[in-house]
Amino acid sequence: MVPRPRFIGTAPAVLSRREGVALVLARDWSGPARPGRATHGGSAVNVAGARPDLAAHEKAVRSSLEQVVAQLSAVLGERLVAYIGGVTEARAVREWGSGERAIRDPRVPPRLRLGLQLAAMLSDWGDPPDVVQAWFQGVNPQLDDRVPAQLLREGELSEVGPALLEAARAFLIGG
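Its first residue numbered 0, the sequence shown is counted upward by one per residue in numbering that gives the first Met the number 0.
Printed below as a string of structure tokens:
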């Protein structure tokens with residue numbers, strides 16, 4: 000039997016158990032410990048994937064717009080990225096990704112960044128691109144049976160952004 004890890008700081012909420020490893024979400028950690036860090040048998044271990052939303056957020060924020068488009072296209076495909084970006088041609092997405100064409104609508108880059116954050120959360124957790132695509136295109140009970148890609152395309156980001164992130168987190172823990 001594997002001993003249960005002891006956690007540094009305040010008690011974390013257990014998110015999920017994949018392959019026998021407890022994944023945690025910590026709200027407050029003391030000292031130099033980082034979220035997802037626990038002690039096991041007296042030695043510190045990093046519990047990978049504890050906050051996939053933080054790594055995904057950093058990826059979306061630090062990437063150039065061309066990188067955002069390229070990375071999002073690699074996971075979702077150009078047609079779905081075109082839909083989210085409000086264009087009809089996948090060629091526009093390729094040109095955005097290469098820097099050949101500027102995105103004219105100022106509302107689109109934040110939508111693409113949030114799209115990358117969501118896609119990275121799901122794919123970095125281990126879900127293959129077809130599962131991530133299905134999540135974006137499917138009716139989602141966490142979103143009152145609305146489609147994430149449509150919300151991302153048409154919704155006000157200040158309203159739909161938190162709901163989309165919450166739905167992605169719920170999907171990660173099997174909710």
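Backbone N, C-alpha and C fix where the C-beta goes; we use that ideal spot for every residue, glycine too.
Run through DSSP, which three-state label would R106 get? Residue mapping note: residue 106 aligns to position 107 of the sequence shown, counting from 1. In the structure shown, R106 sits in coil (DSSP, three-state: anything other than H, G, I, E or B).
Compare the C-alpha of S97 against each of V68, L171, G154 and name the closest. Taking the first residue of the sequence shown as position 1, residue 97 is located at position 98. Per the Cα distances, V68.
Just checking my contact of L151 with R110 at CB under 8 Å: how many whole Å lie between their CB atoms? Residue numbering aside, residue 151 sits at position 152 when the sequence shown is read from its first letter. Residue numbering aside, residue 110 sits at position 111 when the sequence shown is read from its first letter. Indeed they touch by this definition, with Cβ atoms about 6 Å apart.
Given E144, which residues of its chain have a CB within under 6 Å of its CB, disregarding the five upstream and five downstream residues? To locate residue 144, count along the sequence shown from 1; it is residue 145. The sequence shown places Asp at residue 144, rather than the Glu named in the question. Result list for D144: V138, in chain order.
If you check the beta carbons only, do L79 and Q132 fall under 8 Å apart? Here the question's residue 79 lines up with position 80 in the sequence shown. Here the question's residue 132 lines up with position 133 in the sequence shown. Yes, they are a contact pair.
What three-state label does DSSP hand V159 in the structure shown? What you label residue 159 is simply residue 160 of the sequence shown in a count that begins at 1. Three-state DSSP puts V159 in a helix.
How is R145 classed by DSSP in three states: helix, strand or coil? Residue 145 sits at position 146 when you count from the first residue of the sequence shown. Residue state, collapsed to three classes: strand.
Could you check the C-alpha separation between Q136 and A162 for me, to the nearest Å? Here residue 136 corresponds to residue number 137 of the sequence shown, with the count starting at 1. Here residue 162 corresponds to residue number 163 of the sequence shown, with the count starting at 1. Approximately 16 Å between the Cα atoms of the pair.
Where the alpha helix (DSSP H) through W134 begins and ends: Within the sequence shown, residue 134 is the residue found at index 135, counting from 1. Per DSSP, W134 is one residue of the alpha helix (DSSP H) stretching across 128 to 136.
Please report the residue range of the alpha helix (DSSP H) in which G195 lies. No statement about residue 195 is possible, as the shown extent of the chain runs from 0 to 174 and does not include it.
Go through its chain and collect everything with a Cβ distance to R100's Cβ below 7 Å, but skip five positions before and after it. In the sequence shown, residue 100 corresponds to position 101, counting from 1. Closer than 7 Å at Cβ, skipping near neighbours: A91, E94.
Quick one: give me the first and last residue of the alpha helix (DSSP H) that P140 is part of. As a first step, residue 140 is located in the sequence shown; it is residue number 141 there, counting from the start. Where P140 is concerned, there is no enclosing alpha helix (DSSP H), because DSSP gives it neither an H nor an E.
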